[in-house]
Amino acid sequence: MEISSDVIRGYNDTIILSLLLDSPSYGYEISKRIRDLTDDAYIIKETTLYSAFTRMEKNGYVESFAGFADNGKRRTYYRITDKGRQYYQEKCSEWELTKKVIEHFIRKES
Amino acid sequence: METIKNYLESMFASLPNTPEVIKAKCELGQMMEDKYTELINEGKNKNEAVGQVISEFGNLDELGDALGISHILHDQGEAINTRQVTEDEARAFVQESAICGLIRGIGVFLSIISASGVILASAASDSDDIYMVIGLVFLFCSVAACVALCTYSNLRMDKWRFLKYEPCSIDYSTAGMVNDARNRLHGTIILQRTIAVLLLCVCYVPLIVLSMIGDGAIYSLVGVVILLLLVGFGVLILISAGARDEGYVRLLRLNSRQRMEGHYSKGQDEVYYENPTLKKVMSVYWPIVTCIYLVISFLTFSWAISWIIWPIAAIVSTIINNIFGTKRED
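Protein chains in written order, with our numbering: chain A, -19 to 90; chain B, 8 to 337.
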């Protein structure tokens, strides 16, 4: 079963921010980690990832800086800001609540 | 990797050329390249890797808000108005420009050497007037041929007028093809121009040598005729090489700088004049120079020296362009 992009859209930012909590990263690494961590259940599209980056940068949740890949190519890296951490925490609690709400309507026995 | 690049280019082709769009394109390109490299390292073959990268790229609509271009993504009305020049048309146009350049070049060549018959006739002036008549006939015939050839080449180019007056564009791969072809030809054109300039530089040598060998008027007159031939050939080569290159440049300039399709000819845009008087004068600059050249040449009959008007005129026009002209920034 494939995940619906409509459902997950509201949490792309949360996913990306969580991956940036420990260390700065760049586009492809993030998309790869999302894929690996979810066992290929969620493959984020490049355009989705990029629009999330620009939106969050505009909102001040992440900062971008130029770095260099191993092969010497320029690459844009992103790091999380304090505002981003705070937003991440809010989103986490929001998710807990959402999960709790939705759980009420999910019938396990069928 | 080439396929991926082309895919990305074609996705972005119709978007406006703004810093945000350029940045997005670069960064998406990076991500795709990273993914492609990784997939290849994992042992996937090229086609699989390309397929996966492209299928996981996503949809440009998502970028609309990030780039401030949602209104463009949803309003493609503007794109319909430009006439798309196909690859075949591009090839045909380039070929046609080269042929017409050659025809025009031959015309100008004839007009430059037109006086040589009269000059040779005046060398043999002690004999019949028949030579002079032949010389004059040659003069008028070659001038007429020049006019005919130039008109013919203009008529031939007429069907390509739309490139100049209608909004046209070429797609990314055609632009790339044209640019490659132009780069391949670059060496040849430089060689041709060098030969032409050399011809113009050495054109005096035969005249000097001949007038040193013998002192009869015939020697220096033959020297003048050789000079005209050399200048004629030089100009012929310059015109045909220029027209060939110009064909490529015109195609590459079709795409406006506001869009991402690839605007190749930076710094080669036409020059515009702020001052309306200057603008009017400059629009008839070359016809005026031609008139001056012909009037002076026919009045003084010093064809050996009057051609110097051309290089001087070229330098003057460059100076005027640099001082008063402004390049259009779209």
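By construction, the Cβ of each residue, glycine as well, lies at the ideal position given by its N, Cα and C atoms. Source: prediction; values computed, not measured.
Check whether the Cβ atoms of Y226/B and L217/B sit closer than 8 Å, and answer yes or no.
Position 219 of the second sequence, counted from the start, is the residue given in the question as residue 226/B. Position 210 of the second sequence, counted from the start, is the residue given in the question as residue 217/B. Contact: yes.
Among L301/B, P23/B, E69/B and T158/B, which has the Cα closest to the Cα of W317/B?
Counted from its first residue, the second sequence places residue 317/B at position 310. Of the listed residues, the one whose Cα sits closest to W317/B is L301/B.
Give a yes or no on whether 8 Å exceeds the smallest Cβ distance from N66/B to chain A.
Within the second sequence, residue 66/B is the residue found at index 59, counting from 1. Yes, because at least one Cβ of chain A sits closer than 8 Å to the Cβ of N66/B.
Nearest-angstrom Cα separation, counted from G239/B out to V204/B
Counting from one through the second sequence, the residue named residue 204/B turns up at place 197. Counting from one through the second sequence, the residue named residue 239/B turns up at place 232. For V204/B and G239/B, the distance between alpha carbons rounds to 11 Å.
Endpoints, beta strand (DSSP E) assigned at E43/A
If you number the first sequence from 1, residue 43/A lands on position 63. Unbroken beta strand (DSSP E) run through E43/A: V42 to F48.
Can at least three beta-carbon pairs, one atom from the stretch 219 to 236 of chain B and one from the stretch 144 to 152 of chain B, be found at a separation below 8 Å?
no
Taking a Cβ distance cut-off of 7 Å, strictly less, list which residues of the stretch 16 to 38 of chain B are near chain A, in chain order.
A31, E34, L35, Q37 and M38
Where does the unbroken alpha helix (DSSP H) through R111/B begin, and where does it stop?
The residue you call residue 111/B lines up with position 104 of the second sequence. Run containing R111/B: E94 to I120, per the alpha helix (DSSP H) assignment.
For Y57/A, list the residues DSSP reports as bridge partners.
Working through the first sequence from its first residue, we reach residue 57/A at position 77. Y57/A is bridged to Y6/A and F45/A.
Assess, as a yes-or-no matter, whether the stretch 52 to 66 of chain B is touched by the stretch 23 to 32 of chain A under the definition of 3 or more beta carbon pairs within less than 8 Å.
yes
With 16 as the cutoff for other CB atoms within 10 Å, does G194/B come out buried or exposed?
Along the second sequence, read from residue 1 onward, the residue named residue 194/B stands at position 187. Per the 10 Å Cβ criterion, exposed.
Tell me the DSSP bridge mates of Q91/B?
Here residue 91/B refers to the residue found at position 84 of the second sequence. For Q91/B, which the question treats as bridged, DSSP gives the partners S176/B.
Closest by C-alpha distance to S304/B, when choosing among E253/B, D165/B, S180/B and S121/B
Against the second sequence, residue 304/B aligns to sequence position 297. It is S121/B whose Cα lies nearest to the Cα of S304/B.
The alpha helix (DSSP H) that contains K38/A, what's its start and end?
Within the first sequence, the letter at position 58 stands for residue 38/A. Note, K38/A: alpha helix (DSSP H), E26 to N39.
Exposed or buried, which one is W293/B when buried takes at least 16 other CB atoms within 10 Å?
One-based indexing of the second sequence puts residue 293/B at position 286. That one is exposed.
When you compare each of N262/B, K30/B, I197/B and M219/B to R90/B by their alpha carbons, which one comes out closest?
Counting from 1 along the second sequence, the entry for residue 90/B is found at position 83. It is N262/B.
Could you spell out where the alpha helix (DSSP H) holding Y43/B opens and where it closes?
Along the second sequence, read from residue 1 onward, the residue named residue 43/B stands at position 36. Run containing Y43/B: P26 to N48, per the alpha helix (DSSP H) assignment.
8 Å Cβ cutoff, L46/B in contact with chain A
Counting from 1 along the second sequence, the entry for residue 46/B is found at position 39. Closer than 8 Å: no.
One question on the structure: do R15/A and L(-1)/A come within less than 8 Å of each other, judged by their Cβ atoms?
The residue you call residue 15/A lines up with position 35 of the first sequence. The residue you call residue -1/A lines up with position 19 of the first sequence. No, these two residues do not count as a Cβ contact at 8 Å.
I'd like to know whether the C-beta atoms of I126/B and L243/B end up nearer to each other than 8 Å.
Translated into positions along the second sequence, residue 126/B becomes position 119. Translated into positions along the second sequence, residue 243/B becomes position 236. Not closer than 8 Å, so no.
Beta-carbon within less than 7 Å of A46/A's beta-carbon, same chain only, minus the 5 sequence neighbours each way: which residues are those?
Here residue 46/A refers to the residue found at position 66 when the first sequence is read from its first residue. The residues are R54 and T56.
So that I know if they touch, is there some Cβ in chain A lying closer than 8 Å to that of L70/B?
Position 63 of the second sequence, counting from 1, holds the residue named residue 70/B. It does: the Cβ of L70/B has a partner Cβ on chain A nearer than 8 Å.
Let's test the definition: count the other Cβ atoms within 10 Å of the Cβ of L17/A and tell me whether it reaches 16, buried, or not, exposed.
Translated into the one-based positions of the first sequence, residue 17/A becomes position 37. Exposed, because fewer than 16 other Cβ atoms sit within 10 Å of the Cβ of L17/A.
At least one CB of chain A closer than 8 Å to the CB of I319/B: is that the case?
Within the second sequence, residue 319/B is the residue found at index 312, counting from 1. Answer no: the Cβ-Cβ gap between I319/B and chain A never drops below 8 Å.
Taking all protein chains shown into account, do 16 or more other C-beta atoms lie within 10 angstroms of the C-beta of G223/B, making it buried, or fewer, making it exposed?
Sequence index remark: in the second sequence, residue 223/B carries index 216 (1-based). Exposed is the call here.
Going by C-alpha distance, which of K32/B, E69/B and Y172/B is nearest S(-15)/A?
As a first step, residue -15/A must be located in the first sequence, where it is residue number 5. Per the Cα distances, E69/B.
With H, G and I counted as helix, E and B as strand and the rest as coil, what does DSSP make of Y22/A?
As a position in the first sequence, residue 22/A is number 42, starting the count at 1. Coil.
Would you list the one or two residues that DSSP bridges to G332/B?
Residue mapping note: residue 332/B aligns to position 325 of the second sequence, counting from 1. For G332/B, which the question treats as bridged, DSSP gives the partners Y280/B.
What in chain A is Cβ-close to K42/B, meaning under 7 Å?
Here the question's residue 42/B lines up with position 35 in the second sequence. Residues of chain A passing the Cβ test: Y8.
Since I believe G7/A is in contact with V42/A (beta carbons under 8 Å), could you give me their beta-carbon distance rounded to a whole number of angstroms?
Walking along the first sequence from the start, residue 42/A turns up at place 62. Walking along the first sequence from the start, residue 7/A turns up at place 27. Not a contact, Cβ separation roughly 12 Å.
For E6/B, go through chain A and note every residue whose CB falls closer than 9 Å to its CB, in chain order.
No statement about residue 6/B is possible, as the shown extent of chain B runs from 8 to 337 and does not include it.
Exposure label - I24/A; buried when at least 16 CB within 10 Å:
Within the first sequence, residue 24/A is the residue found at index 44, counting from 1. Per the 10 Å Cβ criterion, buried.
Would you say the beta carbon of I24/A is closer than 7 Å to some non-hydrogen atom of the ligand MG?
Absence of the ligand MG is noted for the structure shown, with no ligands found whatsoever.
Rounding to the nearest angstrom, what Cα-Cα distance links S247/B and P174/B in this structure?
Here residue 247/B refers to the residue found at position 240 of the second sequence. Here residue 174/B refers to the residue found at position 167 of the second sequence. Approximately 27 Å between the Cα atoms of the pair.
Chain A partners of E63/B, CB-CB under 9 Å?
Here the question's residue 63/B lines up with position 56 in the second sequence. Residues of chain A passing the Cβ test: S11, I23, I24, K25 and E26.
Give every residue of the same chain whose Cβ lies closer than 8 Å to the Cβ of L146/B, excluding the five residues on either side of it in the sequence, and list them in chain order.
Indexing the second sequence from 1 puts residue 146/B at position 139. Once the five neighbours on either side are set aside, the close Cβ partners of L146/B are S121, A122, G124 and V125.
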